[in-house]
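Going down the list, the protein sequences come from chains X and R. In terms of this note's numbering, the first sequence opens at residue 23 and continues consecutively. In terms of this note's numbering, the second sequence opens at residue 5 and continues consecutively. The beta-carbon is built from N, C-alpha and C at its ideal position, and this holds for glycine as well. A quick note: this is a predicted structure, and the numbers were derived from the prediction, not measured.
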Amino acid sequence: MNKLKLIGCAFSILPLLTTLPANAQTPDLVELSVPDAAIEKQTVHFSQRISTNKPISFKAKGYTNISDEYWFETTGKQLKSGVELNISTPGALVRLSGKQAKDKYSTQIKAINPNAVQLFKNNKKLSAPFSQKVSQQEFASANIFPNSSALKLKNEFGKGAFTLKVNDYLDDNQRYVVNVKEKNAEHKLHLALAKQSYMQGEKINFSSKLKTTSTNKAISTQGRPLAYIKTPSGERKLLNFAKNGDQFQFSVPTDLAPAKRGQLFELHVETENKTNGLKVKRNAKVAFALAQPTARIEGDAAMQKSAVPSFVDVNLQVASEGRYEVSAVVYGSNDKKLSLPFMLSRSAYYLTPGEHAVKLQLDTDIIKNSGLKAPYTVTNLSLMDQSRLALLQQM
Amino acid sequence: MIKKIAGTLLSCLLLNFSAIAAEGIAFIHGTGHQTDAYNDYWTGDFVNSVLQGLSDSSKYTVINCNFDQYMWDTQASGCLAAQLTTFINDKNITQLTLLTHSNGGNVVRWILSNPTSDSRYPAIINKVTKVIAIAPSSLGTPLADAVKQGNVFESTLGWLLGYGTDAVSQQQVSWMSYYNQNWLLGTSGRPSLPTEFKNIVGSDVDSAFWDGDSYCGGYQYQVALETTQNWLDSCSDGFLNCSSQRGAGTEWFTDIQRTNGSEPLSHHQSRRDCFNLDVIIRNDI
Numbered sequence: 023m024n025k026l027k028l029i030g031c032a033f034s035i036l037p038l039l040t041t042l043p044a045n046a047q048t049p050d051l052v053e054l055s056v057p058d059a060a061i062e063k064q065t066v067h068f069s070q071r072i073s074t075n076k077p078i079s080f081k082a083k084g085y086t087n088i089s090d091e092y093w094f095e096t097t098g099k100q101l102k103s104g105v106e107l108n109i110s111t112p113g114a115l116v117r118l119s120g121k122q123a124k125d126k127y128s129t130q131i132k133a134i135n136p137n138a139v140q141l142f143k144n145n146k147k148l149s150a151p152f153s154q155k156v157s158q159q160e161f162a163s164a165n166i167f168p169n170s171s172a173l174k175l176k177n178e179f180g181k182g183a184f185t186l187k188v189n190d191y192l193d194d195n196q197r198y199v200v201n202v203k204e205k206n207a208e209h210k211l212h213l214a215l216a217k218q219s220y221m222q223g224e225k226i227n228f229s230s231k232l233k234t235t236s237t238n239k240a241i242s243t244q245g246r247p248l249a250y251i252k253t254p255s256g257e258r259k260l261l262n263f264a265k266n267g268d269q270f271q272f273s274v275p276t277d278l279a280p281a282k283r284g285q286l287f288e289l290h291v292e293t294e295n296k297t298n299g300l301k302v303k304r305n306a307k308v309a310f311a312l313a314q315p316t317a318r319i320e321g322d323a324a325m326q327k328s329a330v331p332s333f334v335d336v337n338l339q340v341a342s343e344g345r346y347e348v349s350a351v352v353y354g355s356n357d358k359k360l361s362l363p364f365m366l367s368r369s370a371y372y373l374t375p376g377e378h379a380v381k382l383q384l385d386t387d388i389i390k391n392s393g394l395k396a397p398y399t400v401t402n403l404s405l406m407d408q409s410r411l412a413l414l415q416q417m
Numbered sequence: 005m006i007k008k009i010a011g012t013l014l015s016c017l018l019l020n021f022s023a024i025a026a027e028g029i030a031f032i033h034g035t036g037h038q039t040d041a042y043n044d045y046w047t048g049d050f051v052n053s054v055l056q057g058l059s060d061s062s063k064y065t066v067i068n069c070n071f072d073q074y075m076w077d078t079q080a081s082g083c084l085a086a087q088l089t090t091f092i093n094d095k096n097i098t099q100l101t102l103l104t105h106s107n108g109g110n111v112v113r114w115i116l117s118n119p120t121s122d123s124r125y126p127a128i129i130n131k132v133t134k135v136i137a138i139a140p141s142s143l144g145t146p147l148a149d150a151v152k153q154g155n156v157f158e159s160t161l162g163w164l165l166g167y168g169t170d171a172v173s174q175q176q177v178s179w180m181s182y183y184n185q186n187w188l189l190g191t192s193g194r195p196s197l198p199t200e201f202k203n204i205v206g207s208d209v210d211s212a213f214w215d216g217d218s219y220c221g222g223y224q225y226q227v228a229l230e231t232t233q234n235w236l237d238s239c240s241d242g243f244l245n246c247s248s249q250r251g252a253g254t255e256w257f258t259d260i261q262r263t264n265g266s267e268p269l270s271h272h273q274s275r276r277d278c279f280n281l282d283v284i285i286r287n288d289i
């Protein structure tokens, strides 16, 4: 269990040679216990050449998941009596996966025999509706989908509402996931986050649009999507979200189980829409990281005043014991006085709570051999919490 | 005359350097907890064929680690760093080629991208001359997402979908997008890796039972891989889209450009001596 304690930190402006402005909008720092993991204690410096030709960017990038599928949970009992399948694309693939109870690792799960699967349309049983059947054994041989089988519908049966039944013995209470994958679908759900890294308490905007593939335009939808957060441990938390322009906004629930080192949370969205009389169902998800402010850069970083500088002074305020890396990209000037990036430098220290003046070491050999001249500058100063695998600041 | 003497001296220096340089290769497996990767993951035929490219074929190691864990875990990159350090020190390796398959490329990229997180990493990085990444899952795979679908539980019941290892979670597409943006180098827009990272891309799966080529590496795998193409792009090796395999570093070649008979390499065939792959790699190390 992480110990959480707020520390009020006065923001101090130090009289350093300014090359990089510090971010004054950082939240209060928190004190967390040291993670239960092997954390390096030695100070390590590393610089590497980087290409002066390739453009690099540390700006946070968004992510869009374009989904042509949906999935839902059902039981053995429901599968025996029949579950509704909404197909919007001819030739859809249906995957059936048996789930395992978390506390029943030894229990054998009965995967579904694809030869026992029947398909009905308008209450009529279809004759030989599948063009491809894959058994549990075939998936298992390639270590791909556990306890799973798959069936591909013949194109000739088109789209619409179908009923899938399993004519076999299944445990009534056994749970299954039914996944309908519609490759080349005309309707796809676009779920987008503007970035994938957030600080605890930050508001998150997302957009969820059903688009037609042929025009790439959003179509009007009915109702609000269902949205929830999936924690790394598999817990599902339904979200209350508000409309914010053409996006939706929510605050991350504060009672989420903490992630282990490096694990991510997921935003899931489920939609169901009627388009030209056809029910189109889609699920989509995007992963994101939630970090806690365990340390921050104070004041401005300053490069050594030298023809060939060997370090940059950086001041850190640390609230949580752990290992922190400061890094930056070093630029030099070419003959046309154009500033070009040529070196990525990093220094990591194991630090206890308090104020620390650390040095970001630069490799003077790389500087001398770069073919670039002073003035040398640093940009993209970053602070990472290596103990907790969290991005804390990027300037 | 001066030029001639300088040339002779340079030749001597180069000869001496190659005489003292000790080249080695490490075979680094993909997802899974390996204890005998030589037999179970690569097969001796593949390893021994590749080793013919070394001047001293004893200077190799086959890594056995737990790559079911996240790439940063001590059992993954920590274990890899320990075995590489031992190999480098025991064999006095000065120039090291890393040959990776699948998720092994990500574990190696973790070390190359996070040199300050472990005091052993800089010494390893300084010895690595190149990484040959066979079918690396650099941008993840939609199959990992599919495996994790529905993998939620209500706290009272606790139902899970199997094969939910940490490595599978990590290789979900949007997860890898986050890790590539924040923790890994070598993808588009990010600083380059500190050493060459060149990819071999598998582009298709042959599973026709009448085609003998389908049987290289085991036919039973091919049928399942053909099916998984439904979740993947038209260019994929049955596990990974070509775009993922090309997502970090530089492309060395796509299978059909260099293999015998222009045969594609499925994800399982790209760690076997199929269609001259072993010889192509041997001639490059």
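Terminal residues of the alpha helix (DSSP H) in which R:F50 lies:
The residue labelled residue 50 of chain R in the question sits at position 46 within the second sequence. 48-55 is the extent of the alpha helix (DSSP H) around R:F50.
Rounded separation between X:T293 and R:W76 - CA only
Within the first sequence, residue 293 of chain X is the residue found at index 271, counting from 1. Within the second sequence, residue 76 of chain R is the residue found at index 72, counting from 1. Approximately 35 angstroms between the Cα atoms of the pair.
Once you ignore the five residues that flank X:S332 on each side, which residues in its own chain have a CB closer than 8 angstroms to its CB?
As a first step, residue 332 of chain X must be located in the first sequence, where it is residue number 310. For X:S332, where only same-chain residues beyond five positions count, the Cβ hits under 8 angstroms are Q326, Q383, L384, T386.
Would you decide whether X:S149 is buried or exposed? Buried here means 16 or more other CB atoms lie within 10 Å of its CB.
Here the question's residue 149 of chain X lines up with position 127 in the first sequence. Exposed, because fewer than 16 other Cβ atoms sit within 10 Å of the Cβ of X:S149.
Answer with yes or no whether the minimum CB distance from X:L413 to chain R is below 7 angstroms.
Numbered from its first residue, the first sequence carries residue 413 of chain X at position 391. Yes, its Cβ sits closer than 7 angstroms to a Cβ of chain R.
Sequence-distant residues of the same chain with beta carbon closer than 6 angstroms to X:L248, five excluded per side:
Here residue 248 of chain X refers to the residue found at position 226 when the first sequence is read from its first residue. Taken in chain order, the residues that qualify are E292.
Rounded to whole angstroms, what's the CA-CA distance from X:A52 to R:D282? Just pull it up for me.
As a working mapping, residue 52 of chain X is identified with position 30 in the first sequence. As a working mapping, residue 282 of chain R is identified with position 278 in the second sequence. The amino acid at residue 52 of chain X is misidentified as Ala; the sequence shows Val. Roughly 53 angstroms between the two C-alpha positions.
Residues of the segment 155-170 of chain X with Cβ closer than 7 angstroms to any Cβ of chain R, in chain order
V156, E160, F161, S163, A164, I166, F167, P168, N169
Just by C-beta distance, which residues in the segment 310-322 of chain X are closer than 9 angstroms to chain R?
F310, A311
Would you check if the distance between the CB atom of X:F287 and the CB atom of X:L312 is smaller than 7 angstroms?
Residue mapping note: residue 287 of chain X aligns to position 265 of the first sequence, counting from 1. Residue mapping note: residue 312 of chain X aligns to position 290 of the first sequence, counting from 1. Yes, the Cβ-Cβ distance between X:F287 and X:L312 is below 7 angstroms.
On the criterion of 16 or more Cβ atoms from any shown chain inside 10 Å, does R:P268 qualify as buried, or is it exposed?
Numbered from 1 along the second sequence, position 264 holds the residue referred to as residue 268 of chain R. Buried, by the Cβ-count rule.
Listed by chain order, chain X residues near R:Y74 by CB distance under 7 angstroms:
Start at 1 with the first residue of the second sequence, and residue 74 of chain R comes out as number 70. Simply G284.
Grab me the residues of R:G82's own chain with a C-beta within less than 8 angstroms of its C-beta, minus the 5 sequence neighbours each way, in chain order.
For this step, residue 82 of chain R is matched to residue 78 along the second sequence. So the list reads D122, once near-sequence residues are dropped.
At the level of alpha carbons, what is the spacing between X:V19 and R:R194?
Absent from the model: residue 19 of chain X. The displayed extent of chain X is 23 to 417, so no value can be given.
Rounded straight-line distance, which links the Cα of X:T74 to that of X:G256:
Residue mapping note: residue 256 of chain X aligns to position 234 of the first sequence, counting from 1. Residue mapping note: residue 74 of chain X aligns to position 52 of the first sequence, counting from 1. So the two alpha carbons sit approximately 43 angstroms from each other.
Going by beta-carbon coordinates alone, are R:A41 and R:N68 separated by less than 7 angstroms?
Indexing the second sequence from 1 puts residue 41 of chain R at position 37. Indexing the second sequence from 1 puts residue 68 of chain R at position 64. For R:A41 and R:N68, yes; Cβs fall inside 7 angstroms.
What does the alpha-carbon distance come out to for the pair R:T191 and R:K202?
Residue 191 of chain R sits at position 187 when you count from the first residue of the second sequence. Residue 202 of chain R sits at position 198 when you count from the first residue of the second sequence. So the alpha carbons of these two residues sit roughly 12 angstroms apart.
Would R:D170 and R:Q56 qualify as a contact pair, given that the criterion is a beta-carbon distance under 7 angstroms?
To locate residue 170 of chain R, count along the second sequence from 1; it is residue 166. To locate residue 56 of chain R, count along the second sequence from 1; it is residue 52. It is not a contact, given that the beta carbons lie outside the stated cut-off.
Using DSSP bridges, identify the partner residues of X:P363.
Here residue 363 of chain X is taken as the residue at index 341 of the first sequence, counted from 1. For X:P363, which the question treats as bridged, DSSP gives the partners X:Y353.
What are the boundary residues of the alpha helix (DSSP H) that includes X:G98?
Within the first sequence, the letter at position 76 stands for residue 98 of chain X. Here the alpha helix (DSSP H) through X:G98 covers 98-103.
Helix, strand or coil for R:V111 per DSSP?
Here residue 111 of chain R refers to the residue found at position 107 when the second sequence is read from its first residue. Helix, per DSSP.
Below 8 angstroms on the Cβ atoms is my guess for X:A134 versus X:V188; work out the distance and round it to an integer in Å.
On the first sequence, residue 134 of chain X is found 112 positions in, with the first residue counted as 1. On the first sequence, residue 188 of chain X is found 166 positions in, with the first residue counted as 1. Residue identity differs from the one stated: residue 134 of chain X is Ile in this sequence, not Ala. Yes, they are in contact, since the Cβ atoms of X:I134 and X:V188 sit about 6 angstroms apart, within 8 angstroms.
Looking at R:W256 and R:I204, is the spacing between their C-beta atoms short of 7 angstroms?
Residue 204 of chain R sits at position 200 when you count from the first residue of the second sequence. Residue 256 of chain R sits at position 252 when you count from the first residue of the second sequence. Cβ distance < 7 angstroms, so R:I204 and R:W256 count as in contact.
Burial state of R:T258 (16 or more Cβ within 10 Å)
Locating residue 258 of chain R in the second sequence gives position 254, counting from the first residue. Result: buried.
Classify X:R246: buried if its beta carbon has 16 or more other beta carbons within 10 angstroms, exposed otherwise.
By one-based count along the first sequence, residue 246 of chain X stands at place 224. Result: exposed.
If I'm right that X:M406 touches X:Y346 with Cβ under 8 angstroms, what's the distance once you round it to whole angstroms?
On the first sequence, residue 406 of chain X is found 384 positions in, with the first residue counted as 1. On the first sequence, residue 346 of chain X is found 324 positions in, with the first residue counted as 1. That pair is a contact at about 7 angstroms.
Does R:T120 have its Cβ less than 7 angstroms from a Cβ in chain X?
As a first step, residue 120 of chain R is located in the second sequence; it is residue number 116 there, counting from the start. It does: the Cβ of R:T120 has a partner Cβ on chain X nearer than 7 angstroms.
Can you find the residues in the same chain that come closer than 6 angstroms, C-beta to C-beta, to R:L143, ignoring five residues on each side of it along the sequence?
To locate residue 143 of chain R, count along the second sequence from 1; it is residue 139. Only M180, S248, G251 meet the Cβ criterion.
Taking the alpha-carbon of R:L116 as reference, which of X:S69, X:N108, X:N177 has the nearest alpha-carbon?
Indexing the second sequence from 1 puts residue 116 of chain R at position 112. The candidate whose alpha carbon is nearest that of R:L116 is X:S69.
Between which two residues does the beta strand (DSSP E) containing X:Y85 stretch?
Locating residue 85 of chain X in the first sequence gives position 63, counting from the first residue. Note, X:Y85: beta strand (DSSP E), 85-89.
Within the segment 72-97 of chain R, ranges of the alpha helix (DSSP H) (whole runs, at least 4 residues)
83-94
Apply the 10 Å Cβ neighbour rule to R:H272 and answer buried if 16 or more other Cβ atoms are within range, or exposed otherwise.
To locate residue 272 of chain R, count along the second sequence from 1; it is residue 268. Buried, since its Cβ has 16 or more Cβ neighbours within 10 Å.
Per the contact definition of three or more C-beta pairs closer than 8 angstroms, is the segment 87-95 of chain X in contact with the segment 182-196 of chain X?
no
I'd like to know whether the C-beta atoms of R:T199 and R:V132 end up nearer to each other than 7 angstroms.
The count along the second sequence starts at 1 and reaches residue 199 of chain R at position 195. The count along the second sequence starts at 1 and reaches residue 132 of chain R at position 128. Against a cut-off of 7 angstroms, the Cβ pair of R:V132 and R:T199 comes out as a contact.
For R:T101 and R:T65, the rounded distance between their alpha carbons
Residue numbering aside, residue 65 of chain R sits at position 61 when the second sequence is read from its first letter. Residue numbering aside, residue 101 of chain R sits at position 97 when the second sequence is read from its first letter. When rounded, the distance between both Cα atoms is 11 angstroms.
Below 8 angstroms, how does it come out for the segment 366-374 of chain X and the segment 290-309 of chain X: are there three or more Cβ pairs, yes or no?
no
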